[in-house]
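In what follows, a structure is listed as structure tokens, so that the remarks can point back to it.
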Amino acid sequence: MIKVFVKPGSGSCRSAIKWFKKLDIPFQLIQLKDLSKEDLIHILSLTDQGVNQLITQNRGNSSAKGYQVRKHMDESASFDDLLELIRAHPETIKAPIITDEHKLLIGYNDEEIRTFIPRIKRDLQWQQFLH
Numbered sequence: 001m002i003k004v005f006v007k008p009g010s011g012s013c014r015s016a017i018k019w020f021k022k023l024d025i026p027f028q029l030i031q032l033k034d035l036s037k038e039d040l041i042h043i044l045s046l047t048d049q050g051v052n053q054l055i056t057q058n059r060g061n062s063s064a065k066g067y068q069v070r071k072h073m074d075e076s077a078s079f080d081d082l083l084e085l086i087r088a089h090p091e092t093i094k095a096p097i098i099t100d101e102h103k104l105l106i107g108y109n110d111e112e113i114r115t116f117i118p119r120i121k122r123d124l125q126w127q128q129f130l131h
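Residue 41 in full-length UniProt numbering is what sits at position 41 of the sequence shown, and the numbering runs on without skipping anything.
The structure is reproduced here in structure tokens:
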């Protein structure tokens, strides 16, 4: 099942939701404030750059809290402590985060989000295009 993690008021999150609905692709919508430890571990397992890939770096107060998360990470905190710090400050997490068992997209990108189109739908679209 595709999971879309969002924050309130995010235009990118609204775009992602609209895209999935338009293509009639089922997904589970989850607020980042409700991010579970298990989901966070799964997301981190799919990243190339770990926590740094998830944390915002350029938005006022969020940036300051993001700095605290990165600093805590640099201070060799335990993995569990780091997970709890991230979950305690969902405003520091980039959004949307879109994931399934094997794929991850952080942020909204018109091209990259297409990887979440099920193979059968892609095949049908291709056949319709050819005819």
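Here a beta-carbon is modelled for each residue, glycine too, at the ideal position from N, C-alpha and C.
When DSSP states are grouped into helix, strand and coil, Thr47 belongs to the coil group.
For Thr56, the secondary structure class from DSSP, reduced to helix, strand or coil, is coil. Cα atoms of Cys13 and Ile97: separation of roughly 9 Å, rounded to the nearest angstrom. Counting along the chain, Leu83 sits inside the alpha helix (DSSP H) bounded by residues 79–88.
One alpha carbon belongs to Gln57, the other to Gln125, and they sit about 38 Å apart.
In the structure shown, Lys3 falls within a strand segment according to DSSP collapsed to helix, strand and coil. Each residue's CA atom was taken as its position, placing Arg122 and Phe116 some 10 Å apart. Taking C-alpha positions only, Val6 is separated from Leu105 by approximately 12 Å.
Contact annotation: Leu82 and Val51 have beta-carbon atoms nearer than 8 Å. Arg114 and Phe27 have their C-alpha atoms roughly 14 Å apart. Annotation: Ile113 is outside any alpha helix (DSSP H) and is labelled neither H nor E by DSSP.
Per DSSP, Ile25 is not a residue of any alpha helix (DSSP H), being assigned neither H nor E. The Cβ atoms of Ile2 and Asp100 sit closer than 8 Å to each other. For Leu130, the secondary structure class from DSSP, reduced to helix, strand or coil, is helix.
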